[in-house]
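Undergrad:
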Amino acid sequence: MTEIAAGMIAVEQLVATGVEAAAAASLARPGQLTKASLSQIAIEPSNQTSVPSLARSHHTLTVINEAAFIFGGKGSGGKLCSTDVHEVLLPINEPPKTRHELYQPVGISPVAPLPVPRFSHAACARGNELVIHGGRNEEGAIADDGHNFWLWNSELGTWSRTQSVNQPHESPLPRYGHSIFFDKDKDLLILHGGEGVGLDEDVAETWVYSFAEAKWTRFPSLPVKVLGATWHGGTLYSVGSESHRIVHTLQIDTSSLDPSQVGWTTLQTATSSVPGGQSRVGAALLPFNTTMGRCYLLQLFGINRGGAVTEHGSAHKDILSLQVPSTALSGSGIKDTIRDALPQTESGSLSWAEIEPSPTDPPSTQIEGKAYPDARSFFGAADYGDGKRVILWGGVDAYGDLVGDGWIVNLE
1 MTEIAAGMIA
11 VEQLVATGVE
21 AAAAASLARP
31 GQLTKASLSQ
41 IAIEPSNQTS
51 VPSLARSHHT
61 LTVINEAAFI
71 FGGKGSGGKL
81 CSTDVHEVLL
91 PINEPPKTRH
101 ELYQPVGISP
111 VAPLPVPRFS
121 HAACARGNEL
131 VIHGGRNEEG
141 AIADDGHNFW
151 LWNSELGTWS
161 RTQSVNQPHE
171 SPLPRYGHSI
181 FFDKDKDLLI
191 LHGGEGVGLD
201 EDVAETWVYS
211 FAEAKWTRFP
221 SLPVKVLGAT
231 WHGGTLYSVG
241 SESHRIVHTL
251 QIDTSSLDPS
261 QVGWTTLQTA
271 TSSVPGGQSR
281 VGAALLPFNT
291 TMGRCYLLQL
301 FGINRGGAVT
311 EHGSAHKDIL
321 SLQVPSTALS
331 GSGIKDTIRD
341 ALPQTESGSL
351 SWAEIEPSPT
361 DPPSTQIEGK
371 AYPDARSFFG
381 AADYGDGKRV
391 ILWGGVDAYG
401 DLVGDGWIVN
411 LE
């Protein structure tokens, strides 16, 4: 009987040890986002007799509901694209096929003003509206819309312009090369960075616009030149030009909008052979959030600042991810805390990783026979809208030529 009891205790200890080991092994796996599949989008013939090419650069791509809207940019020969809005219906089937439509500029009234052609502008979605701000015109001068911005209604196909109650000295100066984001919970527009007359090129301003009050509020500036930024969960993430290992964050209390209560925080990313957060221009920085509450920043493609040469010339064709700190009480936050406490394990937080591409097999489309997008910069990109996919379009390849293909990146 004693032998049986001893045997049962040994089995229990063995099972318990096995469970602990399995749990430790599960927790020891770094929480990095490392895989994605890519599919090229095939465009079916449109019911319109003539649809201009989508080969362009320095444009914007914005997702509204189940469509991507492409606006502005530079086309063949550096000529500015028109102010037509291009709609690409987002495919939900596999292989992905879609239709391409365009909408010519129409004001809310016959005498209403319309936006001028532009490039290097900023865009975001506000419900069913496409928001456009800033940019440069055909002569390279800044598109001077004052301290207002443009709204295009995707349901009516009409343009309107906001009217701020601020005085000019209380509003952001006209600019280009900046970013704007929309906070739907408080109906706010966040503006960050940019270049222009009267702006310090080594300082990135931050402004918040309240649609309810039609008013701009200035928030703390970041004392570095910004090369990429994104907004997620009430936090503004900004990649500066000073080091590829630094990411800056600004948490904005959208309830009070009190700029005196916030300040920039600098995150030092882990040393890695992966060139994440490099000083790249013409790249895309987008957020991605898992169901467990883990947040990543995705950096797509781009060109080396200063023209440093890579194996693809000066342009990149990689997709990188940076895991940023999880919310303490989220599922991933608890896991990451345990991981960091275990010997020889780490959570992967604040470390860059290269995403391993898995092109569709066979290629989803026969257009140019591609299974993976070329290295490129100054393209349009946006979250697909479901938190799992990214859509990108156009840009300039490693040889300085325009590309007009579109891709879906499915994150795994």
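Position one of the sequence shown corresponds to residue 1 (the UniProt record's numbering), numbered consecutively onward.
From the three backbone atoms N, C-alpha and C, an ideal C-beta is built for every residue, glycine too.
The structure presented is a predicted model; accordingly, all values stated were derived computationally and were not measured.
(1) Nearest to R294 by alpha carbon, out of H232, L236, G194 and K317?
(2) What would DSSP say about G77, mapped onto helix, strand or coil?
(3) Considering only residues of the same chain and omitting the five flanking positions on each side of G78, which have a CB-CB separation below 8 Å?
(4) What residues match up with D183 in a beta bridge as DSSP calls it?
(5) Give the range of the beta strand (DSSP E) segment to which F288 is assigned.
(6) Alpha carbon to alpha carbon, what distance is there between I190 and L297?
(7) What's the call for E170, buried or exposed, on a 16-neighbour Cβ count within 10 Å?
(8) Roughly how many angstroms separate the alpha carbons of S314 and G73, rounded to a whole number?
(9) Can you tell me whether Q268 is buried or exposed? The criterion is at least 16 other CB atoms within 10 Å of its CB, across all chains shown.
(10) Would you give the residue range spanned by the beta strand (DSSP E) that I64 belongs to?
(11) Take A68 as the anchor and find which of S82, R218, L102 and T83 has the nearest alpha-carbon.
(12) With a threshold of 8 Å between beta-carbons, can R56 be considered close to chain D, or not?
(13) Count the other CB atoms within 10 Å of the CB of D145; is the residue buried (16 or more) or exposed (fewer)?
(14) Looking only at its chain, what residues have a beta carbon closer than 6 Å to the beta carbon of R389, apart from the 5 residues adjacent to it on each side?
(15) Report the residue from D187, L188, A204 and K186 whose alpha carbon sits nearest the alpha carbon of G194.
(16) Drop a sphere of 10 angstroms on the beta-carbon of L392, count the other beta-carbons inside from all chains shown, and report buried for 16 or more, exposed for fewer.
(17) Assuming contact is defined by CB atoms lying nearer than 8 Å, are L285 and V324 in contact in what I supplied?
(18) Count the other CB atoms, across all protein chains shown, that sit within 10 Å of the CB of T265; report buried if there are 16 or more and exposed otherwise.
(19) I believe H248 touches R280 by the beta-carbon criterion, under 8 Å. Please report the beta-carbon distance rounded to the nearest angstrom.
(20) Which residue's Cα is closest to the Cα of F71: S154, V111 and I108?
(21) My output table needs one value for Q261: the three-state DSSP class, helix, strand or coil.
TA: A quick look at the data gives this:
(1) Reading the sequence shown from its first residue, position 294 is the one you call residue 294. Closest option to R294, Cα to Cα, is H232.
(2) Counting from one through the sequence shown, the residue named residue 77 turns up at place 77. Taken through DSSP and simplified to helix, strand or coil, G77 comes out as helix.
(3) Here residue 78 corresponds to residue number 78 of the sequence shown, with the count starting at 1. Within the same chain, G78 has no close Cβ partners at all.
(4) Position 183 of the sequence shown, counted from the first residue, corresponds to residue 183. Bridge partners of D183: L188.
(5) Within the sequence shown, the letter at position 288 stands for residue 288. Bounds of the beta strand (DSSP E) holding F288 are A284 to N289.
(6) In the sequence shown, counting from the first residue as 1, residue 297 sits at position 297. In the sequence shown, counting from the first residue as 1, residue 190 sits at position 190. Whole-angstrom Cα-Cα distance: 18 Å.
(7) On the sequence shown, position 170 is the one that residue 170 refers to. By the neighbour-count rule (16 or more Cβ atoms within 10 Å), E170 is not buried but exposed.
(8) The residue labelled residue 314 in the question sits at position 314 within the sequence shown. The residue labelled residue 73 in the question sits at position 73 within the sequence shown. Straight-line spacing of the CA atoms in S314 and G73 works out to 21 Å.
(9) Taking the first residue of the sequence shown as position 1, residue 268 is located at position 268. Burial call: exposed.
(10) In the sequence shown, counting from the first residue as 1, residue 64 sits at position 64. Here the beta strand (DSSP E) through I64 covers T60 to I64.
(11) Sequence index remark: in the sequence shown, residue 68 carries index 68 (1-based). Answer by Cα proximity: L102.
(12) Chain labels in this structure do not include chain D; a single protein chain is all it has.
(13) Looking up residue 145 in the sequence shown gives position 145. With 16 or more Cβ atoms within 10 Å of its Cβ, D145 is classed as buried.
(14) The residue given as residue 389 occupies position 389 in the sequence shown. Counting only Cβ-Cβ distances below 6 Å, and skipping sequence neighbours, we find I408 and N410.
(15) Position 194 of the sequence shown, counting from 1, holds the residue named residue 194. Comparing Cα-Cα distances from G194 to each of D187, L188, A204 and K186, the minimum goes to A204.
(16) As a working mapping, residue 392 is identified with position 392 in the sequence shown. Here L392 is buried, its C-beta having at least 16 other C-beta atoms within 10 Å.
(17) The residue labelled residue 285 in the question sits at position 285 within the sequence shown. The residue labelled residue 324 in the question sits at position 324 within the sequence shown. 8 Å or more divides the Cβ of L285 from the Cβ of V324.
(18) As a first step, residue 265 is located in the sequence shown; it is residue number 265 there, counting from the start. The residue in question, T265, is exposed, as its Cβ has fewer than 16 Cβ neighbours within 10 Å.
(19) Stepping through the sequence shown from its first residue, residue 248 is reached at position 248. Stepping through the sequence shown from its first residue, residue 280 is reached at position 280. In this structure H248 does not touch R280 by the C-beta definition: roughly 16 Å separates them, more than the 8 Å allowed.
(20) Residue numbering aside, residue 71 sits at position 71 when the sequence shown is read from its first letter. The shortest C-alpha separation from F71 is found at S154.
(21) Reading the sequence shown from its first residue, position 261 is the one you call residue 261. Looking at Q261 - three-state DSSP - the assignment turns out to be helix.
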